[in-house]
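Enquirer: Starting off with a structure, shown below.
2 protein chains.
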Amino acid sequence: MPPAQVIPLHAEPALFNPQTRICAECGVRKFALLGVVDLAELDRVHTHISSIKLSPGQSLYSAQAPGLAAFTLRSGIVRLERTSERGERRILRLAGASDLVGMEAMLGQTYAADAVACTDVEVCRLPRSLIEELARQQPELPLNLMKRWQSALDDADEWMTELCAGAARHRMLRLLLKLTEYAEGDRVWLPSRQEMSAMLDMTIETASRLVSQLKREGVLDTPDQRHAVIHNDALMAALRSDSLST
Amino acid sequence: MPPAQVIPLHAEPALFNPQTRICAECGVRKFALLGVVDLAELDRVHTHISSIKLSPGQSLYSAQAPGLAAFTLRSGIVRLERTSERGERRILRLAGASDLVGMEAMLGQTYAADAVACTDVEVCRLPRSLIEELARQQPELPLNLMKRWQSALDDADEWMTELCAGAARHRMLRLLLKLTEYAEGDRVWLPSRQEMSAMLDMTIETASRLVSQLKREGVLDTPDQRHAVIHNDALMAALRSDSLST
DNA sequence: CGCACAGTTGAGACTCATCAAACCACGTGG
DNA sequence: CCACGTGGTTTGATGAGTCTCAACTGTGCG
Numbered sequence: 001m002p003p004a005q006v007i008p009l010h011a012e013p014a015l016f017n018p019q020t021r022i023c024a025e026c027g028v029r030k031f032a033l034l035g036v037v038d039l040a041e042l043d044r045v046h047t048h049i050s051s052i053k054l055s056p057g058q059s060l061y062s063a064q065a066p067g068l069a070a071f072t073l074r075s076g077i078v079r080l081e082r083t084s085e086r087g088e089r090r091i092l093r094l095a096g097a098s099d100l101v102g103m104e105a106m107l108g109q110t111y112a113a114d115a116v117a118c119t120d121v122e123v124c125r126l127p128r129s130l131i132e133e134l135a136r137q138q139p140e141l142p143l144n145l146m147k148r149w150q151s152a153l154d155d156a157d158e159w160m161t162e163l164c165a166g167a168a169r170h171r172m173l174r175l176l177l178k179l180t181e182y183a184e185g186d187r188v189w190l191p192s193r194q195e196m197s198a199m200l201d202m203t204i205e206t207a208s209r210l211v212s213q214l215k216r217e218g219v220l221d222t223p224d225q226r227h228a229v230i231h232n233d234a235l236m237a238a239l240r241s242d243s244l245s246t
Numbered sequence: 247m248p249p250a251q252v253i254p255l256h257a258e259p260a261l262f263n264p265q266t267r268i269c270a271e272c273g274v275r276k277f278a279l280l281g282v283v284d285l286a287e288l289d290r291v292h293t294h295i296s297s298i299k300l301s302p303g304q305s306l307y308s309a310q311a312p313g314l315a316a317f318t319l320r321s322g323i324v325r326l327e328r329t330s331e332r333g334e335r336r337i338l339r340l341a342g343a344s345d346l347v348g349m350e351a352m353l354g355q356t357y358a359a360d361a362v363a364c365t366d367v368e369v370c371r372l373p374r375s376l377i378e379e380l381a382r383q384q385p386e387l388p389l390n391l392m393k394r395w396q397s398a399l400d401d402a403d404e405w406m407t408e409l410c411a412g413a414a415r416h417r418m419l420r421l422l423l424k425l426t427e428y429a430e431g432d433r434v435w436l437p438s439r440q441e442m443s444a445m446l447d448m449t450i451e452t453a454s455r456l457v458s459q460l461k462r463e464g465v466l467d468t469p470d471q472r473h474a475v476i477h478n479d480a481l482m483a484a485l486r487s488d489s490l491s492t
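Protein chains in written order, with my numbering: chain A, 1 to 246; chain B, 247 to 492.
The following block contains the structure:
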């Protein structure tokens with residue numbers, strides 16, 4: 001018998017409560033935390049998933065707040081940020097479609113960072129109790145969670161090595177490269193200069209100058225304020241020539 | 247009946263194989279991953295822990311190598327580092343006594359970074375199969391592992407916000423503060439200028455100049471090349487006045 | 001239309017990297 | 001024992017890269 005998720009939806013409509021339906025149709029489900037859980041099981045569980053939409057600038061959760069749920073990103077980009085001891089905001093990393101954020105909630109801890117929407121965002125809220133209930137029937141779930149922790153750590157490490165070190169121009173080029181990973185088409189989300197400066201530890205002015213310069217060099221175009229088309233070959237060439245000069 | 251670990255060692259010596267004995271006497275055991283596992287159980291398991299000693303500069307494991315074991319640090323300091331795309335070495339963070347490194351091995355992944363001893367180091371090697379075997383009898387173990395992943399992530403985030411941003415002098419002061427966390431007495435391990443520059447993304451010369459300056463200001467003394475006495479009040483004062491000027 | 005705010009651009013100041021030289025601690029071999 | 005080389009550290013002089021301050025431009029919105 002085939003697993004539940006490949007049964008055509010009209011076959012047993014009575015099985016699914018409204019939210020489970022949404023899950024069934026979700027484009028990122030198979031890449032997400034609960035991708036291994038079958039829908040029938042999800043339907044049976046008491047605590048429920050809820051969908052949340054956010055506009056740019058809205059907060060998903062805040063550092064120090066009690067963590068009651070983790071969140072799977074269905075679309076859009078979320079930034080994780082912190083304020084340093086001296087009161088400056090620093091963007092730690094980005095999360096995109098199918099990423100899981102706020103995992104610390106699964107441990108009963110407070111959130112470790114602020115999560116803020118960069119674009120329009122759709123997330124699914126996964127309460128702690130839901131994960132715990134599912135984990136009892138699904139021993140793979142904790143393993144999947146651990147893998148996600150490790151990959152968050154990998155992201156943090158990569159961000160650190162590639163986006164935190166070297167000349168400003170080089171960091172900006174690496175950022176553009178990273179942004180292409182979150183593209184949902186040929187256009188890429190282009191952060192505000194403020195966001196760039198918080199990601200790359202530079203001033204708004206320097207970020208602006210670099211973007212302008214790279215536009216002149218044909219590395220990117222900006223059809224509108226918040227989007228860019230990045231020309232990959234020009235970007236790569238810029239990155240390469242930049243490494244040589246060092 | 248009291249748990250095994252509080253029974254005086256001479257009571258049932260026959261129970262313990264040689265390595266388990268070492269565990270019983272280990273100073274960091276109760277803070278370490280296997281602190282929750284009782285010794286009798288540890289004794290029964292087939293795969294065994296082994297002790298390893300390293301001198302400064304020796305490698306514990308290398309990035310990309312197949313991860314066969316995680317390691318609990320019993321003493322000393324280990325640095326986790328990576329080389330960036332442009333070929334520069336970057337120190338990501340430090341690990342000290344009772345920390346667990348190389349957790350990615352528990353997921354069957356290759357190591358994500360190089361781990362290198364900064365000081366004389368003693369570690370316990372925990373093979374993957376050992377952890378898996380123990381996890382079967384000890385359901386708390388995976389939870390403990392997850393907590394350690396989260397705290398590694400917290401460390402990475404803190405390193406990022408405090409040690410990767412701001413003026414060189416400020417980053418150096420934050421580093422000194424961080425080093426006090428790893429102190430095993432009143433003396434602190436003082437990294438080589440090379441290591442400092444790889445941690446703080448600055449040149450060796452700048453690191454050297456800053457250390458000299460801070461010595462002149464009475465923030466630290468260096469009884470020998472690799473150790474420092476850090477004067478906490480002077481350090482704090484320096485950090486504060488440094489924040490004000492920004 | 002005009003206000004608010006993000007982004008751009010310029011000029012000057014300052015930080016930090018670079019290059020170069022000297023210094024020091026150490027171990028080696030004469 | 002000392003001369004010597006080696007590798008890490010310190011210090012200086014100079015210039016490139018960024019920050020700061022300031023003015024200006026563009027964009028969206030009441």
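The C-beta atom is built at its ideal place from N, Cα and C for all residues, glycine as well.
Given a cut-off of 8 angstroms on the beta-carbon distance, is the pair E463 (chain B) and A484 (chain B) in contact?
Expert: Result yes, Cβ atoms of E463 (chain B) and A484 (chain B) sit closer than 8 angstroms.
Enquirer: Among the candidates B:L456, B:L436, B:I323, whose CA atom is the shortest distance from the CA of M418 (chain B)?
Expert: The shortest C-alpha separation from M418 (chain B) is found at B:L456.
Enquirer: Assuming L73 (chain A) contacts V123 (chain A) under a Cβ cut-off of 8 angstroms, what Cβ separation, rounded to an integer in Å, is found between them?
Expert: Their Cβ separation, rounded to whole angstroms, is 5 angstroms, which keeps L73 (chain A) and V123 (chain A) in contact under 8 angstroms.
Enquirer: Are the segment 302–317 of chain B and the segment 107–124 of chain A in contact at 8 angstroms, needing three or more beta carbon pairs?
Expert: Verdict: no, contact absent.
Enquirer: Check whether the segment 328–343 of chain B and the segment 286–303 of chain B touch, using three or more Cβ-Cβ pairs below 8 angstroms as the test.
Expert: No contact exists between the segment 328–343 of chain B and the segment 286–303 of chain B.
Enquirer: Let me check understanding here. Comparing Cα to Cα, which of A:S241, A:V78, A:Q19, A:K215 lies closest to V121 (chain A)?
Expert: When only C-alpha atoms are compared, the closest one is A:V78.
Enquirer: With 16 other CB atoms within 10 Å as the buried threshold, where does L380 (chain B) fall?
Expert: Classification of L380 (chain B): buried, given that the 10 Å Cβ count is 16 or more.
Enquirer: Straight-line CA distance for D479 (chain B) to L423 (chain B)?
Expert: Roughly 11 angstroms between the two C-alpha positions.
Enquirer: Check whether the segment 381–401 of chain B and the segment 283–295 of chain B touch, using three or more Cβ-Cβ pairs below 8 angstroms as the test.
Expert: In short, these stretches touch, since the Cβ pair count reaches three.
Enquirer: Using a cut-off of 9 angstroms between C-beta atoms, extract the partners of E334 (chain B) located in chain A.
Expert: The contacting residues are T161, A165, G166, T246.
Enquirer: Do you know offhand how far M445 (chain B)'s Cα is from L163 (chain A)'s?
Expert: Near 14 angstroms, if we compare the C-alpha coordinates of L163 (chain A) and M445 (chain B).
Enquirer: Starting from E122 (chain A) and walking both ways along the beta strand (DSSP E), at which residues does that stretch end?
Expert: Residues 121–127.
Enquirer: What are the start and end residues of each continuous alpha helix (DSSP H) run of 4 or more residues lying completely inside the segment 51–99 of chain A, in chain order?
Expert: Qualifying alpha helix (DSSP H) stretches: none in this window.
Enquirer: Assess, as a yes-or-no matter, whether the segment 435–450 of chain B is touched by the segment 188–205 of chain A under the definition of 3 or more beta carbon pairs within less than 8 angstroms.
Expert: No, they do not touch.
Enquirer: Taking 8 angstroms as the cut-off, decide whether the C-beta atoms of V291 (chain B) and E327 (chain B) are in contact.
Expert: Not a contact, by the Cβ cut-off of 8 angstroms.
Enquirer: Between V475 (chain B) and A167 (chain A), what straight-line distance do the alpha-carbon atoms span, to the nearest angstrom?
Expert: If I take the Cα positions, the gap works out to 33 angstroms.
Enquirer: Have a look at P127 (chain A) and W159 (chain A) and give me their C-alpha separation to the nearest angstrom.
Expert: Taking the straight line from one Cα to the other gives about 28 angstroms.
Enquirer: If you measure beta-carbon to beta-carbon, which residues of the segment 195–206 of chain A are closer than 7 angstroms to chain B?
Expert: Listed by position along the chain: D201.
Enquirer: Comparing alpha-carbon positions, which option in B:E271, B:S330, B:Q304, B:I268 lies nearest L243 (chain A)?
Expert: Going by the sequence as given, residue 243 (chain A) is Ser instead of Leu. Ranking the options by Cα distance to S243 (chain A), first place goes to B:S330.
Enquirer: To the nearest angstrom, how far is it from the Cα of V28 (chain A) to the Cα of S75 (chain A)?
Expert: The straight-line gap from Cα to Cα measures roughly 9 angstroms.
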